[in-house]
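Colleague: Below is one structure. I have some questions about it.
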Amino acid sequence: MYKRTTDENLKRILFLGAGETDFGMQGENDAAIYQVLPILKSQGYRLFLVDDNPYSMALESSEAETIVSTLTVQNIKSIIKEKQIDAVFPGFAGIRGLRLWQQIISEWREEDGARPVGLGMPDSTVELLNDSAALFERLESAGLSMPRATIVRNQAEANELLRDLELPLLVRAHNPAAGTTRKIVRRLDDFEDAIDQVMSQSLTGEVVISKAINGLKEISILVLRDSNGNCMQVGATEDMDPVGIHTADSLSVAPVLTISDQVLQEMRSQAFLVANILNIQGPVHVQLALNEKTNQLYIIKVSPYLDNLTNRMALMTGYPVMLVAAQLAAGRVLQDVELPDSYHAKTAMMEPVMDHIVVKLPVFSFGDLKAAGVEVNRQLNSIQKSVGSALGFGRTFIEAMEKAIRAAHFNNRSFSPKYMKNVSDDELIQQLIHPHDNRVLLLVEALRRGYEVDELAELTKIDEFYFYQLKQLLKIESQIVDGEASQELLSVAKQSGLSDGLLARFWQSDFQSIRAMAKQSGVVPTYKALEPSAGEFPENAHQFFATFEEENESEPVSDKSILLVGAGAFRMGDGAAAGYVTSVVLSELRKLGYKTVIMNNNAADASLLPHLSDKQYLEPLEVSDVMAVVDQEHPEAIVVAGNRRKLIEALVALGQKVIVLPKEKHQPAGPESDESEFALNIFYDGEAAYPLVLTQHQEGEVRLIDQDVFDADLSGIKLPYSGVYQLIWREKRTDWPKEVALPNFAVDTWLRPMPFGEIAFLSKILQLSLIRLVVRSWKGGLDGSDLEALVAHMPALRGSDFAMVSDRTDFNLHLKPDSPIDSTRFEMGAKMIRLQEN
Amino acid sequence: MERHLILEDGTVFSGQGFGAPATTFGEIIFDTATSGYQETITNPIYDGQMIVFAMPVVGADGIHAEAYESINPKIRGMIVHDLAEVSTNRQRRMNLDRFLKQHNIPGLYQVDTRKLIRHLRETGSQKATIVDVVDDHARDQLQATVLTNKQVQNTATTKAYSNPGRGFHIVVIDFGLKNGILRVLGDYDANVTVLPYTTSVDEVLTLDPDGIILSTGPGNPEDLPESVLTLIRVLQSKVPMLGIGLGHELFALANNSELTTLPAEYHGMNHPIQEIISQEMIYARQGRGYVVDPDALDTKKLFVTHRDMVDNSIQGLRHRDFPAFSVQFFPDGAPGPLEAKRVFADFFETVVDYVQKNN
Numbered sequence: 034m035y036k037r038t039t040d041e042n043l044k045r046i047l048f049l050g051a052g053e054t055d056f057g058m059q060g061e062n063d064a065a066i067y068q069v070l071p072i073l074k075s076q077g078y079r080l081f082l083v084d085d086n087p088y089s090m091a092l093e094s095s096e097a098e099t100i101v102s103t104l105t106v107q108n109i110k111s112i113i114k115e116k117q118i119d120a121v122f123p124g125f126a127g128i129r130g131l132r133l134w135q136q137i138i139s140e141w142r143e144e145d146g147a148r149p150v151g152l153g154m155p156d157s158t159v160e161l162l163n164d165s166a167a168l169f170e171r172l173e174s175a176g177l178s179m180p181r182a183t184i185v186r187n188q189a190e191a192n193e194l195l196r197d198l199e200l201p202l203l204v205r206a207h208n209p210a211a212g213t214t215r216k217i218v219r220r221l222d223d224f225e226d227a228i229d230q231v232m233s234q235s236l237t238g239e240v241v242i243s244k245a246i247n248g249l250k251e252i253s254i255l256v257l258r259d260s261n262g263n264c265m266q267v268g269a270t271e272d273m274d275p276v277g278i279h280t281a282d283s284l285s286v287a288p289v290l291t292i293s294d295q296v297l298q299e300m301r302s303q304a305f306l307v308a309n310i311l312n313i314q315g316p317v318h319v320q321l322a323l324n325e326k327t328n329q330l331y332i333i334k335v336s337p338y339l340d341n342l343t344n345r346m347a348l349m350t351g352y353p354v355m356l357v358a359a360q361l362a363a364g365r366v367l368q369d370v371e372l373p374d375s376y377h378a379k380t381a382m383m384e385p386v387m388d389h390i391v392v393k394l395p396v397f398s399f400g401d402l403k404a405a406g407v408e409v410n411r412q413l414n415s416i417q418k419s420v421g422s423a424l425g426f427g428r429t430f431i432e433a434m435e436k437a438i439r440a441a442h443f444n445n446r447s448f449s450p451k452y453m454k455n456v457s458d459d460e461l462i463q464q465l466i467h468p469h470d471n472r473v474l475l476l477v478e479a480l481r482r483g484y485e486v487d488e489l490a491e492l493t494k495i496d497e498f499y500f501y502q503l504k505q506l507l508k509i510e511s512q513i514v515d516g517e518a519s520q521e522l523l524s525v526a527k528q529s530g531l532s533d534g535l536l537a538r539f540w541q542s543d544f545q546s547i548r549a550m551a552k553q554s555g556v557v558p559t560y561k562a563l564e565p566s567a568g569e570f571p572e573n574a575h576q577f578f579a580t581f582e583e584e585n586e587s588e589p590v591s592d593k594s595i596l597l598v599g600a601g602a603f604r605m606g607d608g609a610a611a612g613y614v615t616s617v618v619l620s621e622l623r624k625l626g627y628k629t630v631i632m633n634n635n636a637a638d639a640s641l642l643p644h645l646s647d648k649q650y651l652e653p654l655e656v657s658d659v660m661a662v663v664d665q666e667h668p669e670a671i672v673v674a675g676n677r678r679k680l681i682e683a684l685v686a687l688g689q690k691v692i693v694l695p696k697e698k699h700q701p702a703g704p705e706s707d708e709s710e711f712a713l714n715i716f717y718d719g720e721a722a723y724p725l726v727l728t729q730h731q732e733g734e735v736r737l738i739d740q741d742v743f744d745a746d747l748s749g750i751k752l753p754y755s756g757v758y759q760l761i762w763r764e765k766r767t768d769w770p771k772e773v774a775l776p777n778f779a780v781d782t783w784l785r786p787m788p789f790g791e792i793a794f795l796s797k798i799l800q801l802s803l804i805r806l807v808v809r810s811w812k813g814g815l816d817g818s819d820l821e822a823l824v825a826h827m828p829a830l831r832g833s834d835f836a837m838v839s840d841r842t843d844f845n846l847h848l849k850p851d852s853p854i855d856s857t858r859f860e861m862g863a864k865m866i867r868l869q870e871n
Numbered sequence: 017m018e019r020h021l022i023l024e025d026g027t028v029f030s031g032q033g034f035g036a037p038a039t040t041f042g043e044i045i046f047d048t049a050t051s052g053y054q055e056t057i058t059n060p061i062y063d064g065q066m067i068v069f070a071m072p073v074v075g076a077d078g079i080h081a082e083a084y085e086s087i088n089p090k091i092r093g094m095i096v097h098d099l100a101e102v103s104t105n106r107q108r109r110m111n112l113d114r115f116l117k118q119h120n121i122p123g124l125y126q127v128d129t130r131k132l133i134r135h136l137r138e139t140g141s142q143k144a145t146i147v148d149v150v151d152d153h154a155r156d157q158l159q160a161t162v163l164t165n166k167q168v169q170n171t172a173t174t175k176a177y178s179n180p181g182r183g184f185h186i187v188v189i190d191f192g193l194k195n196g197i198l199r200v201l202g203d204y205d206a207n208v209t210v211l212p213y214t215t216s217v218d219e220v221l222t223l224d225p226d227g228i229i230l231s232t233g234p235g236n237p238e239d240l241p242e243s244v245l246t247l248i249r250v251l252q253s254k255v256p257m258l259g260i261g262l263g264h265e266l267f268a269l270a271n272n273s274e275l276t277t278l279p280a281e282y283h284g285m286n287h288p289i290q291e292i293i294s295q296e297m298i299y300a301r302q303g304r305g306y307v308v309d310p311d312a313l314d315t316k317k318l319f320v321t322h323r324d325m326v327d328n329s330i331q332g333l334r335h336r337d338f339p340a341f342s343v344q345f346f347p348d349g350a351p352g353p354l355e356a357k358r359v360f361a362d363f364f365e366t367v368v369d370y371v372q373k374n375n
């Protein structure tokens with residue numbers, strides 16, 4: 034047993050960054066690193082961070098020495114040597130961090146000197162995780178079951194395998210050429226045919242055979258373990274959809290509702306056993322499959338690093354997962370973990386319990402892509418297709434689900450009898466068996482058409498509980514649609530998570546009248562604190578969600594607060610950059626002494642970190658939700674991104690002071706492959722425009738042009754809102770010139786708000802936070818002291834050495850689009866790349 | 017139908033009735049566990065009590081044959097926020113609502129349970145009643161009601177019975193035994209005899225047990241007759257003994273120590289418990305209204321083996337001279353974490369020791 038806190042030599046810690054955002058990586062790792070830097074620094078560590086993600090918040094933190102570099106073994110090794118690193122923190126960078134650390138370990142040579150310690154798990158575990166056969170053996174010998182997958186090359190090998198495995202089996206192609214078929218073999222007679230068929234689909238003639246566990250219930254458990262071997266369960270969630278649909282693409286709910294205590298405790302024990310076998314210090318996310326007929330459990334995935342469940346669990350439970358995880362990895366035991374004063378003294382050791390329900394709903398971009406003329410494969414399977422997710426908080430499943438739907442879609446389509454009318458019965462059955470993104474709508478429609486609950490449960494492998502809940506929702510729906518507006522119905526509707534706008538549509542009324550009626554009849558939200566003790570202890574909670582009950586626990590933070598409306602779920606196009614912008618706004622407002630309130634529902638987003646604002650509302654972001662919070666907090670001003678036009682109009686109409694953060698409705702499309710887009714980037718302080726820097730953009734790549742533009746004549750520019758903007762022109766050229774002839778800005782260019790991603794990138798390479806500049810301009814007029822304050826801690830870069838590149842996403846793997854996807858407009862993430870010296 | 021909960025301090029909470037339409041009186045407590053509602057409401061330790069669930073949706077897992085902690089639930093009421101109607105019974109529809117109807121227990125849902133729990137946290141456990149109408153009559157009835165202190169008599173067996181196995185012979189003294197304990201003894205293939213708590217020392221010793229378990233049970237241990245403490249004092253000196261819950265409290269009383277009453281009872285499974293000897297941390301289901309007073313512990317006879325790391329309460333005791341020990345928490349799970357089962361392993365180690373020495 035070793036206690037690393039006592040190791041005086043462990044002083045300089047390097048965090049590996051997570052790199053560009055992508056499917057399944059929505060910025061949560063960066064938010065986590067950003068969150069834990071201050072507490073580790075206060076415990077005496079000297080911190081370093083390396084990343085190449087332009088949208089990183091952590092790279093702009095003053096708590097660490099930050100380094101922008103491509104995340105390669107070579108680069109990390111030289112940083113380790115140059116900075117004399119004692120320990121490396123790979124787990125906060127998720128699976129990428131772990132893989133990179135594996136490589137560093139295996140490529141470390143004697144002449145490289147002493148290798149730093151890896152925090153979070155011993156080297157032997159890092160090795161084990163890289164060898165799935167060995168891992169399988171290790172877990173199985175401890176009595177755990179895993180669905181074993183074996184690769185075979187011919188019928189003989191396949192038949193050999195039959196001796197060990199029981200039917201049914203899942204047979205699929207290894208390295209498939211294109212579309213893959215997954216065959217479930219239930220009868221011995223079908224086995225040979227299935228192997229033949231699948232083998233022909235494989236580029237390498239290989240077939241993967243495993244025990245078929247599709248259709249089983251899928252559960253995720255998050256465990257924290259310390260160096261003394263103490264384990265605690267942070268929480269568990271269940272997926273509505275069965276194994277076979279990627280967990281990111283399924284509706285999921287916490288706490289677990291439909292599984293008995295006996296089975297849950299067995300899962301918990303197995304998850305602890307996994308954590309102990311792997312000797313984890315910190316978090317481990319264990320995914321299990323449950324066969325409810327036999328109560329047989331399978332471990333289907335072990336992720337001993339931060340992933341999106343870690344952040345989600347922190348937000349859902351109110352338990353500070355990241356702050357605890359970082360200290361455990363650095364060697365503290367649970368008993369000695371330090372937390373900010375706002376938590377109960379024993380919070381770190383108490384397993385959080387939830388007295389609310391949280392539904393996570395995936396967000397798909399199929400519709401946006403279709404609008405741009407790209408069709409993709411919409412059928413959900415084991416490959417992630419969702420780009421982000423939104424959370425709904427409530428006190429019933431229906432309330433949480435409806436709020437999640439509103440959070441994910443900005444309009445409530447599930448709750449409309451007409452929406453699914455055009456789906457034929459055949460299609461309906463097809464989609465029940467092979468689900469698409471409209472999962473919940475389809476289930477509701479099936480119930481509406483009179484399918485029985487047990488039939489549906491059999492077809493979909495979804496627990497009956499969900500169908501009873503949806504039936505309840507249908508009942509409420511018909512009550513509302515058939516009824517007149519009344520206090521009673523309004524109350525039922527609001528308790529079910531529905532918005533004023535939707536009710537207005539049903540009752541041929543308008544938003545304002547419904548709102549007035551609700552206020553008059555006392556149907557107003559009560560905000561419940563989100564804290565980890567379920568009411569057992571008074572905790573100084575800062576996170577709240579709305580429900581419609583008796584007690585309201587939220588007190589206004591100040592008579593002079595600013596409310597920020599967050600960006601919601603990660604979407605293609607603005608992705609992680611939107612979270613970055615919101616977070617920097619919060620950080621700067623706080624620096625300027627304002628009390629801040631944030632509304633958001635995206636767990637991956639740094640903007641919800643407890644230390645960035647005075648209060649967080651975990652709510653959908655529709656007009657009625659925002660107005661309800663306005664009624665509660667009476668903020669001085671509300672900050673809204675410019676793409677939320679309807680919300681801005683509604684707020685202004687209601688007499689609120691709105692500060693608009695300029696943003697286009699859609700992410701602008703990138704230049705064609707044979708042209709370049711040039712931009713003169715400018716700052717508008719509310720009165721006049723100032724030139725900043727010139728950039729050039731070719732398909733998926735942005736570079737800075739080192740050319741003096743301070744003489745550009747911008748005197749004609751008048752804009753409604755202060756912010757950063759771009760004057761754009763395009764030229765048919767694909768070189769990267771060192772200097773360009775400037776056009777006549779008044780005639781030959783068009784003006785647009787600077788996309789959030791470019792704001793994040795330019796802030797880093799200019800070493801000047803553009804968002805902080807904009808926030809300072811809101812108070813009217815900037816002076817020298819502002820600029821001085823803003824030459825904040827930024828990585829020391831020479832701007833023109835770096836390009837921002839955004840075409841790395843593997844759209845083919847995830848979406849199978851029928852035509853190329855514009856990597857600018859539908860960007861998932863980007864990285865900063867150092868250009869060759871020339 | 018709208019029904020109401022009146023607390024002794026006069027506060028009223030309203031909700032919709034489910035289960036039986038009965039009017040009942042009981043002591044109201046809250047439970048913060050998020051799983052195991054069926055085990056909880058059938059646990060005999062809740063005899064005479066009304067339980068408020070912090071878990072907002074209750075009933076989603078139906079009613080299971082393997083989740084009974086006793087056949088006849090003795091709770092006086094169940095207060096939840098949202099009620100799910102799910103049946104998992106293969107023979108007939110049996111959801112939580114019907115189950116409570118069958119046992120004549122009223123329930124209340126659509127209650128602001130978080131407000132109620134925050135209220136109880138401050139005002140403590142107290143008398144309460146579930147009624148159709150809130151009026152002076154109902155309030156007077158509540159004030160006039162004296163809750164029984166005969167819960168153990170109510171729930172514990174009055175006749176000896178056996179649960180045969182091929183292993184060690186374990187005598188369980190029943191104070192309101194929950195099935196979880198029998199289930200774990202079954203895992204060890206123990207040959208179990210369950211005896212009423214009124215059994216005499218002679219009757220127990222005639223059975224020549226290899227170990228004795230003082231079971232869990234409801235109510236205040238000080239309401240039990242002195243003869244129980246005498247029984248414990250004699251038996252602990254002769255045969256390995258494990259006390260659980262009420263059994264632990266009685267074990268402390270029998271050894272010249274005192275208890276204190278908690279202002280608000282704790283029912284849940286999220287507190288870490290430290291096993292002092294190993295410094296290891298476990299979680300276990302707890303349900304307690306009384307704890308051993310650390311200032312009135314006879315340290316000549318007993319020493320502390322476990323502590324709750326949140327409120328520092330005593331969670332385990334061991335006798336200095338005899339192979340006898342006890343835990344306040346429930347090591348059988350049902351519901352609750354399984355890591356606490358190690359207490360039974362310790363017990364059987366002691367039993368093995370005893371058997372080897374005395375053969």
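Chains A and B are the protein sequences, given in the same order.
Letter 440 of the first sequence, counting from 1, is numbered 473 in our numbering, and no numbers are missing.
Letter 83 of the second sequence, counting from 1, is numbered 99 in our numbering, and no numbers are missing.
For each residue, glycine too, the CB sits at the ideal point set by N, CA and C.
Using the three-state DSSP reduction, which class does P786 of chain A fall into: helix, strand or coil?
Modeller: Numbered from its first residue, the first sequence carries residue 786 of chain A at position 753. Strand.
Colleague: Residues of the region 294-312 of chain A with a CB closer than 8 Å to any CB of chain B: list them in chain order, please.
Modeller: D294, Q295, L297, Q298, E299, R301, S302, F305
Colleague: May I have the straight-line CA-CA distance separating S620 of chain A from K812 of chain A, to the nearest angstrom?
Modeller: Within the first sequence, the letter at position 587 stands for residue 620 of chain A. Within the first sequence, the letter at position 779 stands for residue 812 of chain A. Each residue's Cα considered, the two are about 15 Å apart.
Colleague: What residue range is occupied by the uninterrupted beta strand (DSSP E) comprising Q576 of chain A?
Modeller: Residue 576 of chain A sits at position 543 when you count from the first residue of the first sequence. First-last of the beta strand (DSSP E) with Q576 of chain A: 576-580.
Colleague: In whole angstroms, what is the alpha-carbon distance linking Y84 of chain B and F346 of chain B?
Modeller: As a working note, residue 84 of chain B is residue 68 in the second sequence. As a working note, residue 346 of chain B is residue 330 in the second sequence. So the two alpha carbons sit approximately 16 Å from each other.
Colleague: Are the C-beta of V386 of chain A and some C-beta of chain B separated by less than 8 Å?
Modeller: In the first sequence, counting from the first residue as 1, residue 386 of chain A sits at position 353. Yes, V386 of chain A lies at the interface with chain B (some Cβ there is under 8 Å from its Cβ).
Colleague: Going along chain A in order, which residues have a C-beta closer than 7 Å to the C-beta of T50 of chain B?
Modeller: Counting from 1 along the second sequence, the entry for residue 50 of chain B is found at position 34. Ordered by position in chain A, the residues that pass the 7 Å Cβ test against T50 of chain B are P288, V386, M387.
Colleague: Three or more C-beta pairs closer than 8 Å, one from the region 49-65 of chain B and one from the region 22-33 of chain B: is that the case here?
Modeller: With the cut-off at 8 Å, the region 49-65 of chain B and the region 22-33 of chain B do not touch.
Colleague: Verify the CB distance criterion: does V367 of chain B have a CB-CB separation below 8 Å to chain A?
Modeller: Here residue 367 of chain B is taken as the residue at index 351 of the second sequence, counted from 1. By this cut-off, V367 of chain B is not an interface position.
Colleague: Go to P724 of chain A, then tell me how far its beta strand (DSSP E) extends in each direction, as first and last residue.
Modeller: The residue given as residue 724 of chain A occupies position 691 in the first sequence. Counting along the chain, the beta strand (DSSP E) containing P724 of chain A begins and ends at 722-731.
Colleague: In angstroms, rounded to a whole number, what distance separates the CA positions of I44 of chain B and I146 of chain B?
Modeller: If you number the second sequence from 1, residue 44 of chain B lands on position 28. If you number the second sequence from 1, residue 146 of chain B lands on position 130. Roughly 11 Å separates the two Cα atoms.
Colleague: Checking contacts by CB at 8 Å: is H826 of chain A closer than that to chain B?
Modeller: As a first step, residue 826 of chain A is located in the first sequence; it is residue number 793 there, counting from the start. Any answer about H826 of chain A is weak, because its pLDDT of 47 lies below 50 and its placement is not dependable; what the coordinates show is given next. No, no contact with chain B.
Colleague: What's the call for W540 of chain A, buried or exposed, on a 16-neighbour Cβ count within 10 Å?
Modeller: Numbered from its first residue, the first sequence carries residue 540 of chain A at position 507. Taking all protein chains shown into account, W540 of chain A has 16 or more neighbouring C-beta atoms within 10 Å of its C-beta and is therefore buried.
Colleague: Inspect the beta-carbon positions of S340 of chain A and F397 of chain A and report whether they are closer than 8 Å.
Modeller: Sequence index remark: in the first sequence, residue 340 of chain A carries index 307 (1-based). Sequence index remark: in the first sequence, residue 397 of chain A carries index 364 (1-based). First, the residue type needs correcting, since residue 340 of chain A is Asp and not Ser in the sequence shown. Cβ atoms of D340 of chain A and F397 of chain A: not closer than 8 Å.
Colleague: Would V150 of chain B pass as a contact of I22 of chain B if the rule is Cβ separation under 8 Å?
Modeller: As a working note, residue 150 of chain B is residue 134 in the second sequence. As a working note, residue 22 of chain B is residue 6 in the second sequence. Yes, these two residues count as a Cβ contact at 8 Å.
Colleague: Out of A:E251, A:R428, A:D119, A:P337, which has the shortest C-alpha to C-alpha gap to F125 of chain A?
Modeller: Start at 1 with the first residue of the first sequence, and residue 125 of chain A comes out as number 92. The candidate whose alpha carbon is nearest that of F125 of chain A is A:P337.
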